[in-house]
Amino acid sequence: MAFEVERIIDANINRLTEGLRVIEDQTRFGNSQKNIIEEFKAIRHSVTNIVKELNLNLLENRFLDNDHGRDIKGESEYERLGVQDLLMANFKRAQEACRVIEESLKIFSNKESQTFEKHRYRLYDLQQIVVLNKPFPINCLYALITKSLCKKEPLEIVKMIRDGGADILQLREKDMEDAEFLEWALQVKEVLSGSEVSLIINDRIHIAQLIDAQGVHLGQGDLDISQARKLLKPWQWIGRSTSALPVAKKAFDEGHTYIGVGPLFPTNTKKHRGAVGLEYIEQVNENCSIPYVAIGAINRDTIDSVLEAKPKGIAVCTGIIAGENPLEETLFFKNKINSVDYS
(Lines of atoms letter the chains of each structure in order from A; the text may use other names.)
(Lines give C-alpha, C1' and ligand atoms only; values in the text may rest on other atoms or scores of the structure.)
Protein backbone atom coordinates (compact mmCIF):
# COMPACT_ATOMS: atom_id res chain seq x y z
CA MET A 5 0.00 0.00 0.00
CA ALA A 6 2.83 2.44 0.86
CA PHE A 7 4.23 1.86 -2.62
CA GLU A 8 1.03 3.05 -4.32
CA VAL A 9 0.69 6.02 -1.99
CA GLU A 10 4.27 7.10 -2.69
CA ARG A 11 3.52 6.98 -6.43
CA ILE A 12 0.44 9.15 -5.85
CA ILE A 13 2.47 11.64 -3.81
CA ASP A 14 5.21 11.70 -6.46
CA ALA A 15 2.75 12.39 -9.29
CA ASN A 16 1.08 15.19 -7.37
CA ILE A 17 4.34 16.74 -6.20
CA ASN A 18 5.20 17.06 -9.90
CA ARG A 19 1.76 18.49 -10.72
CA LEU A 20 2.07 20.99 -7.88
CA THR A 21 5.58 22.25 -8.64
CA GLU A 22 4.93 22.42 -12.38
CA GLY A 23 1.72 24.38 -11.82
CA LEU A 24 3.48 26.72 -9.41
CA ARG A 25 6.31 27.30 -11.89
CA VAL A 26 3.85 28.29 -14.63
CA ILE A 27 2.08 30.73 -12.27
CA GLU A 28 5.37 32.09 -10.93
CA ASP A 29 6.74 32.84 -14.39
CA GLN A 30 3.50 34.44 -15.58
CA THR A 31 3.40 36.71 -12.53
CA ARG A 32 7.14 37.38 -12.62
CA PHE A 33 7.00 38.82 -16.13
CA GLY A 34 3.62 40.46 -15.61
CA ASN A 35 2.64 43.41 -13.43
CA SER A 36 2.84 41.64 -10.06
CA GLN A 37 4.26 42.69 -6.75
CA LYS A 38 7.62 41.36 -5.62
CA ASN A 39 6.27 39.70 -2.47
CA ILE A 40 3.62 37.76 -4.44
CA ILE A 41 6.26 36.24 -6.73
CA GLU A 42 8.37 35.32 -3.71
CA GLU A 43 5.42 33.50 -2.15
CA PHE A 44 5.21 31.05 -5.05
CA LYS A 45 8.93 30.44 -4.85
CA ALA A 46 8.66 29.87 -1.08
CA ILE A 47 5.92 27.26 -1.54
CA ARG A 48 8.03 25.42 -4.15
CA HIS A 49 11.03 25.39 -1.81
CA SER A 50 8.84 24.20 1.06
CA VAL A 51 7.64 21.26 -1.05
CA THR A 52 11.21 20.33 -1.98
CA ASN A 53 12.32 20.42 1.66
CA ILE A 54 9.39 18.28 2.82
CA VAL A 55 10.17 15.59 0.24
CA LYS A 56 13.79 15.51 1.46
CA GLU A 57 12.78 15.33 5.13
CA LEU A 58 10.29 12.51 4.64
CA ASN A 59 12.87 10.48 2.70
CA LEU A 60 10.20 8.87 0.53
CA ASN A 61 11.35 6.74 -2.39
CA LEU A 62 9.51 8.86 -4.93
CA LEU A 63 11.95 8.61 -7.82
CA GLU A 64 12.48 4.87 -7.36
CA ASN A 65 8.73 4.27 -7.48
CA ARG A 66 8.14 6.31 -10.63
CA PHE A 67 7.02 4.03 -13.49
CA LEU A 68 5.60 6.15 -16.25
CA ASP A 69 4.86 3.21 -18.55
CA ASN A 70 2.40 1.88 -15.98
CA ASP A 71 0.56 5.21 -15.63
CA HIS A 72 -2.73 4.43 -17.37
CA GLY A 73 -3.98 7.99 -16.95
CA ARG A 74 -1.01 9.53 -18.69
CA ASP A 75 -2.60 9.67 -22.15
CA ILE A 76 -6.11 10.62 -21.01
CA LYS A 77 -6.61 14.30 -21.87
CA GLY A 78 -9.64 16.53 -21.58
CA GLU A 79 -10.93 18.45 -24.59
CA SER A 80 -9.62 21.74 -23.19
CA GLU A 81 -6.19 20.40 -22.16
CA TYR A 82 -4.42 22.01 -25.13
CA GLU A 83 -6.49 25.19 -25.26
CA ARG A 84 -6.03 28.36 -23.20
CA LEU A 85 -8.16 31.40 -23.93
CA GLY A 86 -5.64 33.88 -22.54
CA VAL A 87 -3.35 34.56 -19.60
CA GLN A 88 -6.19 34.53 -17.06
CA ASP A 89 -7.41 31.16 -18.32
CA LEU A 90 -3.84 29.86 -18.19
CA LEU A 91 -3.44 31.05 -14.60
CA MET A 92 -6.82 29.63 -13.52
CA ALA A 93 -5.96 26.21 -14.96
CA ASN A 94 -2.63 26.07 -13.16
CA PHE A 95 -4.02 27.32 -9.86
CA LYS A 96 -6.63 24.57 -10.04
CA ARG A 97 -3.92 22.05 -10.86
CA ALA A 98 -1.77 23.15 -7.91
CA GLN A 99 -4.68 23.27 -5.47
CA GLU A 100 -5.93 19.80 -6.40
CA ALA A 101 -2.40 18.42 -6.12
CA CYS A 102 -2.05 19.97 -2.65
CA ARG A 103 -5.26 18.28 -1.56
CA VAL A 104 -4.17 14.84 -2.77
CA ILE A 105 -0.73 15.20 -1.14
CA GLU A 106 -2.34 16.50 2.06
CA GLU A 107 -4.58 13.42 2.32
CA SER A 108 -1.91 10.94 1.26
CA LEU A 109 0.68 12.24 3.72
CA LYS A 110 -1.61 11.52 6.65
CA ILE A 111 -0.33 7.96 6.36
CA PHE A 112 3.27 9.12 6.90
CA SER A 113 3.27 12.49 8.67
CA ASN A 114 0.33 14.44 10.03
CA LYS A 115 2.56 17.49 10.55
CA GLU A 116 3.59 17.67 6.91
CA SER A 117 0.01 17.00 5.84
CA GLN A 118 -1.00 20.16 7.71
CA THR A 119 1.70 22.11 5.88
CA PHE A 120 0.16 21.17 2.52
CA GLU A 121 -3.24 22.15 3.87
CA LYS A 122 -1.84 25.62 4.65
CA HIS A 123 -0.30 25.83 1.17
CA ARG A 124 -3.66 24.92 -0.39
CA TYR A 125 -5.55 27.62 1.51
CA ARG A 126 -2.87 30.18 0.70
CA LEU A 127 -3.16 29.29 -2.98
CA TYR A 128 -6.86 30.15 -2.82
CA ASP A 129 -5.90 33.64 -1.58
CA LEU A 130 -3.12 34.02 -4.13
CA GLN A 131 -5.53 33.01 -6.89
CA GLN A 132 -7.75 35.95 -6.01
CA ILE A 133 -4.80 38.32 -5.91
CA VAL A 134 -3.25 37.19 -9.20
CA VAL A 135 -6.30 36.32 -11.29
CA LEU A 136 -8.98 38.68 -10.01
CA ASN A 137 -6.82 41.63 -9.10
CA LYS A 138 -6.97 44.51 -11.55
CA PRO A 139 -3.40 45.60 -12.37
CA PHE A 140 -2.50 49.10 -11.26
CA PRO A 141 -2.44 51.16 -14.48
CA ILE A 142 0.84 52.56 -15.78
CA ASN A 143 1.00 56.18 -17.03
CA CYS A 144 -2.30 56.81 -15.30
CA LEU A 145 -4.29 59.87 -14.35
CA TYR A 146 -5.27 59.57 -10.70
CA ALA A 147 -7.87 62.16 -9.70
CA LEU A 148 -8.73 63.08 -6.11
CA ILE A 149 -11.94 64.69 -4.96
CA THR A 150 -12.82 66.47 -1.72
CA LYS A 151 -16.31 67.92 -1.62
CA SER A 152 -15.33 71.16 0.11
CA LEU A 153 -12.80 71.96 -2.64
CA CYS A 154 -15.23 71.43 -5.52
CA LYS A 155 -16.21 74.47 -7.53
CA LYS A 156 -19.22 72.70 -9.04
CA GLU A 157 -21.68 70.09 -7.79
CA PRO A 158 -19.44 67.19 -6.61
CA LEU A 159 -21.37 64.32 -8.22
CA GLU A 160 -21.37 66.18 -11.55
CA ILE A 161 -17.61 66.53 -11.22
CA VAL A 162 -17.35 62.77 -10.67
CA LYS A 163 -19.19 62.26 -13.97
CA MET A 164 -16.82 64.67 -15.71
CA ILE A 165 -13.77 62.91 -14.29
CA ARG A 166 -15.20 59.62 -15.51
CA ASP A 167 -15.98 60.96 -18.98
CA GLY A 168 -12.64 62.73 -19.22
CA GLY A 169 -10.73 59.45 -19.11
CA ALA A 170 -9.27 59.39 -15.58
CA ASP A 171 -8.02 55.93 -14.60
CA ILE A 172 -8.53 56.24 -10.85
CA LEU A 173 -10.62 58.38 -8.52
CA GLN A 174 -9.82 58.74 -4.83
CA LEU A 175 -12.39 60.01 -2.34
CA ARG A 176 -10.48 62.11 0.17
CA GLU A 177 -12.69 63.40 2.99
CA LYS A 178 -10.70 64.05 6.16
CA ASP A 179 -13.49 65.76 8.10
CA MET A 180 -16.66 64.03 6.91
CA GLU A 181 -18.59 61.80 9.32
CA ASP A 182 -18.61 58.10 8.49
CA ALA A 183 -22.34 57.86 7.72
CA GLU A 184 -22.16 60.77 5.29
CA PHE A 185 -18.96 59.45 3.74
CA LEU A 186 -20.53 56.02 3.20
CA GLU A 187 -23.52 57.54 1.44
CA TRP A 188 -21.22 59.71 -0.70
CA ALA A 189 -19.02 56.74 -1.59
CA LEU A 190 -22.02 54.66 -2.65
CA GLN A 191 -23.23 57.50 -4.89
CA VAL A 192 -19.80 57.79 -6.52
CA LYS A 193 -19.57 54.04 -7.01
CA GLU A 194 -22.92 54.07 -8.78
CA VAL A 195 -21.76 56.84 -11.13
CA LEU A 196 -18.56 54.94 -11.93
CA SER A 197 -20.36 51.62 -12.41
CA GLY A 198 -19.68 50.18 -15.85
CA SER A 199 -16.69 52.46 -16.46
CA GLU A 200 -12.97 51.65 -16.28
CA VAL A 201 -12.38 54.12 -13.43
CA SER A 202 -11.11 52.45 -10.24
CA LEU A 203 -12.44 53.83 -6.95
CA ILE A 204 -10.04 54.37 -4.03
CA ILE A 205 -10.99 55.37 -0.49
CA ASN A 206 -8.58 57.55 1.47
CA ASP A 207 -7.71 56.28 4.97
CA ARG A 208 -11.01 54.65 5.94
CA ILE A 209 -10.56 50.94 5.37
CA HIS A 210 -14.01 50.11 6.73
CA ILE A 211 -15.65 52.26 4.04
CA ALA A 212 -13.60 50.51 1.35
CA GLN A 213 -14.76 47.19 2.83
CA LEU A 214 -18.42 48.15 2.92
CA ILE A 215 -18.64 49.28 -0.70
CA ASP A 216 -16.08 46.87 -2.22
CA ALA A 217 -13.94 49.73 -3.49
CA GLN A 218 -10.95 48.84 -5.63
CA GLY A 219 -8.71 49.79 -2.74
CA VAL A 220 -7.61 52.14 -0.01
CA HIS A 221 -4.90 54.79 0.23
CA LEU A 222 -3.08 55.12 3.56
CA GLY A 223 -0.88 57.84 5.00
CA GLN A 224 2.51 57.17 6.58
CA GLY A 225 0.95 57.20 10.06
CA ASP A 226 -2.00 54.90 9.24
CA LEU A 227 -2.29 51.14 9.77
CA ASP A 228 0.60 49.08 8.46
CA ILE A 229 -0.04 46.83 5.49
CA SER A 230 -0.24 43.58 7.48
CA GLN A 231 -3.09 45.03 9.53
CA ALA A 232 -4.82 46.54 6.51
CA ARG A 233 -4.54 43.32 4.51
CA LYS A 234 -6.36 41.39 7.26
CA LEU A 235 -9.35 43.67 6.76
CA LEU A 236 -9.36 43.89 2.97
CA LYS A 237 -9.96 41.29 0.29
CA PRO A 238 -6.89 39.90 -1.48
CA TRP A 239 -7.68 41.70 -4.75
CA GLN A 240 -8.08 45.15 -3.19
CA TRP A 241 -5.26 47.63 -3.67
CA ILE A 242 -3.35 49.23 -0.80
CA GLY A 243 -1.57 52.49 -1.58
CA ARG A 244 0.76 54.42 0.70
CA SER A 245 1.90 58.04 0.79
CA THR A 246 5.69 58.40 0.68
CA SER A 247 7.95 61.42 0.81
CA ALA A 248 11.42 59.85 0.90
CA LEU A 249 13.17 56.99 -0.89
CA PRO A 250 13.59 54.74 2.20
CA VAL A 251 9.83 54.94 2.77
CA ALA A 252 9.17 54.10 -0.89
CA LYS A 253 11.52 51.10 -0.74
CA LYS A 254 9.87 49.90 2.46
CA ALA A 255 6.43 50.16 0.85
CA PHE A 256 7.67 48.10 -2.10
CA ASP A 257 9.22 45.42 0.11
CA GLU A 258 6.04 45.17 2.19
CA GLY A 259 3.91 44.53 -0.86
CA HIS A 260 1.92 47.73 -1.30
CA THR A 261 0.13 47.91 -4.64
CA TYR A 262 1.33 51.43 -5.36
CA ILE A 263 2.66 54.57 -3.67
CA GLY A 264 2.10 58.29 -3.83
CA VAL A 265 5.33 60.19 -4.54
CA GLY A 266 5.25 63.66 -3.05
CA PRO A 267 4.13 66.25 -2.33
CA LEU A 268 6.28 67.58 -5.16
CA PHE A 269 5.32 71.21 -4.51
CA PRO A 270 3.78 72.99 -1.51
CA THR A 271 0.05 72.25 -1.33
CA ASN A 272 -2.81 73.16 0.97
CA THR A 273 -4.10 69.58 0.92
CA LYS A 274 -0.89 68.37 2.60
CA LYS A 275 0.07 71.25 4.86
CA HIS A 276 1.61 68.84 7.39
CA ARG A 277 4.27 67.64 4.96
CA GLY A 278 6.93 69.71 3.20
CA ALA A 279 7.45 69.59 -0.55
CA VAL A 280 10.02 67.02 -1.70
CA GLY A 281 10.76 68.35 -5.18
CA LEU A 282 11.01 66.70 -8.58
CA GLU A 283 14.25 64.93 -7.65
CA TYR A 284 12.18 62.43 -5.68
CA ILE A 285 10.56 61.15 -8.90
CA GLU A 286 14.01 60.53 -10.36
CA GLN A 287 15.10 58.69 -7.20
CA VAL A 288 12.08 56.39 -7.30
CA ASN A 289 12.52 55.75 -11.04
CA GLU A 290 16.14 54.72 -10.48
CA ASN A 291 15.77 52.71 -7.27
CA CYS A 292 12.26 51.30 -6.93
CA SER A 293 10.02 49.45 -9.38
CA ILE A 294 6.72 49.83 -7.53
CA PRO A 295 3.83 51.50 -9.44
CA TYR A 296 3.36 55.09 -8.30
CA VAL A 297 1.70 58.42 -8.93
CA ALA A 298 3.42 61.77 -8.53
CA ILE A 299 1.33 64.08 -6.38
CA GLY A 300 1.31 67.55 -4.85
CA ALA A 301 0.13 70.78 -6.51
CA ILE A 302 0.21 69.36 -10.03
CA ASN A 303 -1.66 71.84 -12.20
CA ARG A 304 -1.42 73.55 -15.59
CA ASP A 305 1.53 75.61 -14.38
CA THR A 306 3.56 72.68 -13.04
CA ILE A 307 2.57 69.73 -15.24
CA ASP A 308 5.27 70.17 -17.89
CA SER A 309 8.10 70.23 -15.35
CA VAL A 310 6.62 67.15 -13.64
CA LEU A 311 6.35 65.20 -16.89
CA GLU A 312 9.97 65.98 -17.77
CA ALA A 313 10.88 63.66 -14.87
CA LYS A 314 8.81 60.89 -16.56
CA PRO A 315 6.60 59.77 -13.67
CA LYS A 316 4.63 56.51 -13.99
CA GLY A 317 1.44 58.42 -13.26
CA ILE A 318 0.16 61.74 -11.95
CA ALA A 319 -2.36 62.56 -9.25
CA VAL A 320 -4.37 65.77 -9.53
CA CYS A 321 -6.81 67.23 -7.02
CA THR A 322 -7.64 70.95 -7.16
CA GLY A 323 -6.18 71.17 -10.66
CA ILE A 324 -9.33 69.34 -11.75
CA ILE A 325 -12.08 69.76 -9.17
CA ALA A 326 -11.52 73.48 -8.48
CA GLY A 327 -11.49 74.42 -12.16
CA GLU A 328 -14.25 76.06 -14.17
CA ASN A 329 -14.57 72.99 -16.39
CA PRO A 330 -13.48 69.72 -14.68
CA LEU A 331 -14.16 67.70 -17.84
CA GLU A 332 -11.82 69.92 -19.85
CA GLU A 333 -9.20 69.76 -17.10
CA THR A 334 -9.41 65.96 -16.92
CA LEU A 335 -8.98 65.67 -20.67
CA PHE A 336 -6.06 68.11 -20.55
CA PHE A 337 -4.12 66.12 -17.94
CA LYS A 338 -4.97 62.77 -19.54
CA ASN A 339 -3.69 63.97 -22.91
CA LYS A 340 -0.58 65.40 -21.28
CA ILE A 341 0.46 62.14 -19.63
CA ASN A 342 -0.39 60.18 -22.78
CA SER A 343 2.07 62.36 -24.70
CA VAL A 344 5.08 61.40 -22.55
CA ASP A 345 7.76 59.43 -24.42
CA TYR A 346 9.06 56.76 -22.04
CA SER A 347 11.56 55.26 -24.50
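Numbering (the working numbering), first residue to last: 5 to 347. Each residue gets a CB set at the ideal place from its N, CA and C atoms; glycine is no exception. Because the structure is a prediction, the values reported are computed rather than measured.
Trp239 sits in coil when the DSSP states are folded into three classes, being neither helix nor strand. Rounded to the nearest whole angstrom, the C-alpha separation of Leu127 and Phe95 is 7 Å. In the structure shown, Ser108 adopts helical secondary structure according to DSSP, grouped into three states. The beta-carbon distance between Gly223 and Ser247, rounded to whole angstroms, is 10 Å. This is too long to meet the 8 Å contact definition.
Inter-segment contact for the stretch 317 to 324 and the stretch 289 to 309 is present: three or more beta-carbon pairs are separated by less than 8 Å. In the displayed model, Gln174 falls within a strand according to three-state DSSP. Judged by beta-carbon spacing, Leu235 lies beyond the 8 Å limit of Gln218, meaning their Cβ atoms are not closer than that value.
Excluding sequence positions up to five before and after Thr306, its CB lies within less than 8 Å of the CB of Leu268, Phe269, all in the same chain and listed in chain order. In this structure Leu196 does not touch Leu190 by the C-beta definition: roughly 11 Å separates them, more than the 8 Å allowed. Along the length of the stretch 197 to 247, whole alpha helix (DSSP H) runs at least 4 residues long occupy 209 to 215, 229 to 235, reported in chain order. For Val280, no alpha helix (DSSP H) run applies, since DSSP gives it neither H nor E. As the crow flies, the alpha-carbon of Ala170 is around 36 Å from that of Tyr125.
Residue pairing by DSSP puts Ala319 in a beta bridge opposite Tyr146.
Contact check for Thr31 against Ile41 passes: the beta carbons are separated by less than 8 Å. Only residues of its own chain outside the window of five on either side were considered, and among them Thr246, Ile263, Val288, Cys292 have a CB closer than 6 Å to the CB of Ala252, listed in chain order.
Per DSSP, reduced to three states, the secondary structure at Ala313 is coil, with no helix or strand assignment.
Within the same chain, and ignoring the five residues on either side of Trp239 in sequence, the residues whose Cβ sits closer than 7 Å to its Cβ are Gln132, Ile133, Leu136, Asn137.
By the Cβ criterion, the stretch 113 to 123 is not in contact with the stretch 141 to 154, since fewer than three pairs of Cβ atoms, one from each stretch, lie closer than 8 Å. As DSSP reads the structure, Ala298 sits in a beta bridge with Val265, Ile318. For the 8 Å CB-CB criterion, Leu331 and Gly198 do not form a contact. Here Glu43 really is in contact with Leu130; their C-beta atoms are around 6 Å apart, less than 8 Å.
Under a 10 Å Cβ-count criterion, His210 is classified as exposed, with fewer than 16 other Cβ atoms of the shown protein chains found around its own Cβ.
Excluding five sequence positions before and after Val51, the CB atoms of its chain that fall closer than 7 Å to its own CB belong to Ile17, Leu20, Thr21, given in chain order. The C-alpha of Ala15 is placed about 35 Å away from the C-alpha of Glu258.
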